[in-house]
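*Asks:* If you read the sequences in order, they're chains A and B. Residues 1 to 235 in the working numbering are what the first sequence lists, from first letter to last. Residues 236 to 390 in the working numbering are what the second sequence lists, from first letter to last.
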Amino acid sequence: MPTARLATLGPLLFAAGFAFLLAVLVAGLPFGAPPMTVGQAIQGDAAGTVGAANFVTAVVLAYRGIDTLGELSILFAAAMAAGLVLGRPGERRAGAAPAGFILRAGADLLFPLLLVVGLYIILHGHLTPGGGFQGGVILAAAFVVPVLADPGRPPEHRRLAWVEGLAGAAFIATGLAALAWDHEFLAPLLGRGTLGSLVSAGTLPLLYLAVGLKVGAELTGLLVRMTEADGEAPR
Amino acid sequence: MNDATTLTLYLGAIGLLAIGIGGLVLARHLFRVVMALAIAEAGANLLLVLTGFRWDAVAPILTGADRAPMVDPVPQALVLTAIVIGVGVQALALALAIRLRQAYGTLDLRLIRARMAAEIDGAAGLAPAGSRDRPAGERPLPPPQPAALPGETRP
């Protein structure tokens, strides 16, 4: 059918034109020599001012802390909207088949392992690659795997909501504490410490811990709610 | 060799973006639309990270006393933000898709559109829109009746 082919051709032309536009723009960029001076300034400044060995963490939490707070609120809004769309956490599916022994034992074995890895990645976010967001996702995996292995287990939405709310409040409270001590909002407190040691960079590890717990609780609630959503409409 | 590397990296990023956008406008299955969105996001993030790249530089993490040149940490922090927000967007989109499937029993966008239109028309008390098989409104003529044979009585 010529009309159907035409309808396919239009979007393809659009995508190709978009790619061409981007290619032209990129061709004007000096690759390998970033023209931005902000990064250079931060590299010279971060170790002395913030005290975090991982400069990405310094940017995320110290230089752009309020931006990260906005990001957390976007994630919260998305999770809340998804919860709103999916409806109240209903009853577990009655007909769900009980998991076998291997699945349940494997999930139970995996749980502490994932918990340790997640917390390690969160707490070392200012020293090594990683941080609250990445570790939070691993924490969420730790809590979702047992639910997937044993669908009959009752969900704990109320406890998750408490963790999420307290973590978010802790993030904001740390920022307000900086305000109370005559600094900018979310400025790192408590001194820089020794560069590269676990207790360093002031409040940055605490902020990342709050981020990690919040992200983990949010994602866990979201995924558990999605597994609860059945094919039938809960009228 | 450097030119080839540059070309490959940029082609990869732009190609991912183009594939994602093409899928976004072409796909008829709602789950594929969400996947196309994820692919386009990956391309955009890769493009953003590439802008901070430097030859002969290390990751922006201090490992010792020596200060080797580092890549720009700002685009990496931006991409970290973008990835997290992308996860939120995908979760919301999938939640909407789950509800659509619960309501209409399919994820095919054309079927969903047709069923949604029929539902809205039904709720408004309108007749279903006309098609070749089922024209709208009454037929202009009553269906023809066979002529009565002489001597036959009809009820």
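C-beta atoms are modelled at their ideal positions from N, C-alpha and C, and glycine is treated no differently. Treat the numbers as computed from the prediction; the structure is a model and nothing was measured.
Please return the same chain residues whose Cβ sits closer than 6 Å to the Cβ of R267(B), not counting the five positions on each side in sequence.
*Replies:* Cβ neighbours of R267(B) beyond the five flanking positions: none.
*Asks:* On the criterion of 16 or more Cβ atoms from any shown chain inside 10 Å, does R235(A) qualify as buried, or is it exposed?
*Replies:* For R235(A), the predicted structure reports a pLDDT of 43, less than 50, and the residue's modelled location is therefore unreliable. The matter cannot be settled from this model.
*Asks:* Under the three-state reduction of DSSP, which class applies to H157(A): helix, strand or coil?
*Replies:* The answer is helix: DSSP assigns H157(A) an H, G or I state.
*Asks:* Quick check on the DSSP output: the alpha helix (DSSP H) that includes G360(B) runs from which residue to which?
*Replies:* Counting along the chain, G360(B) falls outside any alpha helix (DSSP H), and DSSP gives it neither H nor E.
*Asks:* Please report the distance separating the alpha-carbon of T68(A) from that of G44(A).
*Replies:* Rounded to the nearest angstrom, the two C-alpha atoms are 22 Å apart.
*Asks:* Would you say R267(B) faces chain A, with C-beta separation under 8 Å as the test?
*Replies:* No, because no Cβ of chain A sits closer than 8 Å to the Cβ of R267(B).
*Asks:* Residues of chain B with CB closer than 9 Å to the CB of T128(A), please, in chain order.
*Replies:* Under the 9 Å cutoff, chain B gives I296.
*Asks:* Is the region 97-109 of chain A touching the region 164-176 of chain A in the sense that three or more CB pairs, one from each, lie closer than 8 Å?
*Replies:* They do not touch, by the three-pair rule.
*Asks:* Taking the alpha helix (DSSP H) that P310(B) falls in, what are its first and last residues?
*Replies:* Counting along the chain, the alpha helix (DSSP H) containing P310(B) begins and ends at 308-339.
*Asks:* Going by the DSSP bridge assignment, what does V293(B) pair with across the sheet?
*Replies:* Paired residue(s): M305(B).
*Asks:* At a CB-CB cut-off below 7 Å, which residues of chain B make contact with V59(A)?
*Replies:* By Cβ distance, chain B contributes P308, V309, A312.
*Asks:* Who are the Cβ neighbours of M1(A) in its own chain at under 8 Å, not counting the five residues just before and after it?
*Replies:* With a pLDDT of only 49 at M1(A), under 50, the local geometry of the prediction cannot be trusted, and the value read off the model is given with reservation. So the list is empty, once near-sequence residues are dropped.
*Asks:* Here's the rule I'm using: 16 or more other beta-carbon atoms within 10 Å means buried, otherwise exposed. How should N280(B) be labelled?
*Replies:* Flag for N280(B) reads buried.
*Asks:* Is DSSP giving S200(A) helix, strand or coil here?
*Replies:* Correct three-state label for S200(A): strand.
*Asks:* In whole angstroms, give me the CA-to-CA distance for P188(A) and V50(A).
*Replies:* For P188(A) and V50(A), the distance between alpha carbons rounds to 7 Å.
*Asks:* Taking the alpha helix (DSSP H) that P146(A) belongs to, which residues open and close that run?
*Replies:* Per DSSP, P146(A) belongs to the alpha helix (DSSP H) from 132-149.
*Asks:* Using a Cβ-Cβ cut-off of less than 9 Å, list which residues of the region 347-359 of chain B approach chain A; keep chain order.
*Replies:* Cβ contacts with chain A come from no residue of the region 347-359 of chain B.
*Asks:* For the candidate residues D150(A), H126(A), G165(A), A141(A), whose alpha-carbon lies nearest to that of L115(A)?
*Replies:* When only C-alpha atoms are compared, the closest one is A141(A).
*Asks:* Between which two residues does the alpha helix (DSSP H) holding N280(B) run?
*Replies:* Taken as a continuous stretch (DSSP letters only), the alpha helix (DSSP H) holding N280(B) covers 265-285.
*Asks:* Could you tell me which chain B residues have their CB closer than 7 Å to the CB of P11(A), listed as they occur along the chain?
*Replies:* Chain B residues near P11(A): G257, V260, L261.
*Asks:* Pull out every residue of the region 274-290 of chain B whose Cβ sits closer than 7 Å to any Cβ of chain A, in chain order.
*Replies:* Under the 7 Å Cβ criterion, the region 274-290 of chain B contributes T286, G287, F288, R289, W290.
*Asks:* Taking the alpha helix (DSSP H) that D238(B) belongs to, which residues open and close that run?
*Replies:* Unbroken alpha helix (DSSP H) run through D238(B): 237-261.
*Asks:* Alpha carbon to alpha carbon, how far is A19(A) from E276(B)? Give it in angstroms, no decimals.
*Replies:* Cα to Cα, the separation comes out at about 14 Å.
*Asks:* Tell whether a beta-carbon distance below 8 Å holds between I74(A) and I320(B).
*Replies:* Yes; because the gap between Cβ atoms is below 8 Å, this pair is in contact.
*Asks:* Using a Cβ-Cβ distance cut-off of 8 Å, determine whether F18(A) contacts chain B.
*Replies:* At least one chain B Cβ lies under 8 Å of F18(A).
*Asks:* Between E228(A) and chain B, is the shortest Cβ-Cβ distance under 8 Å, so that the two count as touching?
*Replies:* No, no contact with chain B.
*Asks:* Around the C-beta of Q311(B), are 16 or more other C-beta atoms found within 10 angstroms, so that it is buried, or is it exposed?
*Replies:* With 16 or more Cβ atoms within 10 Å of its Cβ, Q311(B) is classed as buried.
*Asks:* Got a sec? Which residues, its chain only, sit under 6 Å from T194(A) by beta carbon, not counting five neighbours each side?
*Replies:* Answer for T194(A): S200, listed in chain order.
*Asks:* So which residues on chain B does E71(A) lean against when the C-beta distance must stay under 7 Å?
*Replies:* Within 7 Å Cβ-Cβ: T316, V319, I320.
*Asks:* Could you name the residues that DSSP lists as bridge partners for D45(A)?
*Replies:* DSSP, once it has assigned bridges, lists no residue as partnering D45(A).
*Asks:* Spatial neighbours of A170(A) within its chain, please: C-beta separation below 7 Å, excluding the five flanking residues on both sides.
*Replies:* If we look at A170(A) and ignore the five residues flanking it on each side, its Cβ neighbours are A210.
*Asks:* So L327(B) and A82(A) are in contact, right, with Cβ under 8 Å, and what is the actual spacing, rounded?
*Replies:* Rounded, the Cβ-Cβ distance is 5 Å, consistent with contact.
*Asks:* Mind listing which residues of the region 321-342 of chain B have their C-beta closer than 8 Å to chain A's C-betas, in chain order?
*Replies:* So the close ones are V322, G323, V324, A326, L327, L329, A330, L331, I333, R334, R336, Q337, A338.
*Asks:* Applying a beta-carbon distance threshold of less than 9 Å, which residues of chain B neighbour I42(A)?
*Replies:* Within chain B, the residues near I42(A) are P295, D307, P308, V309.
*Asks:* In the DSSP assignment, what are the bridge partners of D343(B)?
*Replies:* The partner list for D343(B) (beta bridge, DSSP) reads H264(B).
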